[in-house]
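Peer 1: I am attaching a structure below and will ask some questions about it afterwards.
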Amino acid sequence: YDENIVLSTKYIDIISRNLSEFQNENNNDMKRRNTVNHLDKTNESSKNSYNNETLTLENKHYNDMSKNLTKKELFDVLNSLKECPSNEDLRNIWSHTVDIAKEGLDNLLKESKTSVQKYLDNNIH
């Protein structure tokens, strides 16, 4: 019984801390949103280090689903966002994220298959 009370109070402390942190983050976000002036679209840009092209709201290359973004390009896109994109844009960004993760998983599977095959080849002889 005493252990349950101790565990319960620990969970309550954790939940209270998490709620407090969440409320602080929301308050800070609201303050930032209220103080940020809406800039015109030409000011909402960042440099892409790969090809020095300027990313603006009109030039969102993550909407081109025929070209896979690299991990670095995806981070550049995410870091250049000044406001929450539309649902369609979020789906496109998510699709690129899944593609990048899938490439990493495919590489791991190939490495695993190679390692297993080497192990099996060594045990046969």
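Letter 81 of the sequence shown, counting from 1, is numbered 81 in full-length UniProt numbering, and no numbers are missing.
For every residue, glycine included, the Cβ atom is placed at its ideal position computed from N, Cα and C.
(1) Taking the alpha-carbon of L69 as reference, which of E83, K82, E88 and W94 has the nearest alpha-carbon?
(2) How big is the Cα-Cα spacing for K71 and L108?
(3) Would you mind sorting E73 into buried or exposed? The rule is 16 or more other CB atoms within 10 Å of its CB.
(4) Rounded to the nearest angstrom, what separates K102 and D76 at their Cα positions?
(5) Express the C-alpha separation of K110 and N123 in angstroms, rounding to a whole number.
(6) Would DSSP call T70 helix, strand or coil?
(7) In angstroms with no decimal places, state the Cα-to-Cα distance between R91 and T114.
Peer 2: With the given structure in hand:
(1) W94
(2) 16 Å
(3) buried
(4) 19 Å
(5) 20 Å
(6) coil
(7) 34 Å
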